[in-house]
Structures are given as C-alpha cells and as structure tokens.
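Working notes, beginning with the structure itself.
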Amino acid sequence: MFEIIDFKSGKVVLNDLDFDPNLSYEEQIWSFKEDILQVRYHNGFILDVGWYPEFNLEIGSFNIVVVQMDDWLNPIFERRTQDLHKLYSCIIEAIDVAKAAHFNSC
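Quick look at the structure:
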C-alpha cells in the first residue's frame, strides 16, 4: 500500500511506513510512533507523519502535516486520521501541497 507512493521531488529522510492493513493495530502497536515519515522538498517544505500520542491506540491518531522552513507551530497543511486507507490519501494530498507550495521569504 505505502510502498508505491511517489514523493515527486521530495527527499525521503525517514520512512517507517511499515503498516499492514491485514493486521490489527494491536498486532503492530510498535509502528504507532511519533516519527513515521519525513520528506523534505527543495522549496523548503517538509511533509511529516506521526502517531500522537505515541503507542496509544485508544485516543491516538496519525497527524499528517506540511510545514515551511521548520515552522512546526504553523503548518500550512494538517490532517488527522486513525484509518490506514485515509492515511494514504492524506499523504497523497500533502505531497501535492508540499510540491506546489511557494516559499515566502521576508
């Protein structure tokens, strides 16, 4: 499922997307961590995926964000989901945002 993602011009610096949709979340709980995926784009944007709170399947969810120049407090894109299939579509949407976004310089 996740092995076919085209990150376009992004450089993958972390990829722990090792989820199996055929297994229960409990069977793969150690994959539900804060640092799952990070892709950096030449225009200064970062796509980041993590599960928050880490390892907590009851209240946790995937957080998919795109930030500009490490400005983690002000993401230009943010989605949350607990569903693996929705995670895939959110990542595809985030890729489109990251590669199309224009860097705003001072």
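So the sequence shown is numbered by my numbering: it starts at 29 and just counts up by one. Beta carbons are placed, not taken as given, at the ideal position from N, Cα and C, and that holds for glycine. Remember, it's a predicted structure, so these values are computed and weren't measured experimentally.
- F73 sits close to V94, with the two beta carbons spaced by under 8 Å.
- The count of Cβ pairs closer than 8 Å, one atom from the stretch 104-124 and one from the stretch 80-94, reaches three, so the stretches are in contact.
- Under the DSSP assignment, L75 falls outside any alpha helix (DSSP H), being part of the beta strand (DSSP E) whose first and last residues are F73 to Y80.
- Taking the CA atoms as reference points, D44 sits about 15 Å from Y80.
- Within the model, the alpha-carbon separation for N50 versus K61 is close to 19 Å.
- For D111, the closest alpha carbon among the candidates S37, L101, M97 and E86 is that of E86.
- For K39, the uninterrupted beta strand (DSSP E) run begins and ends at K39 to N43, by DSSP.
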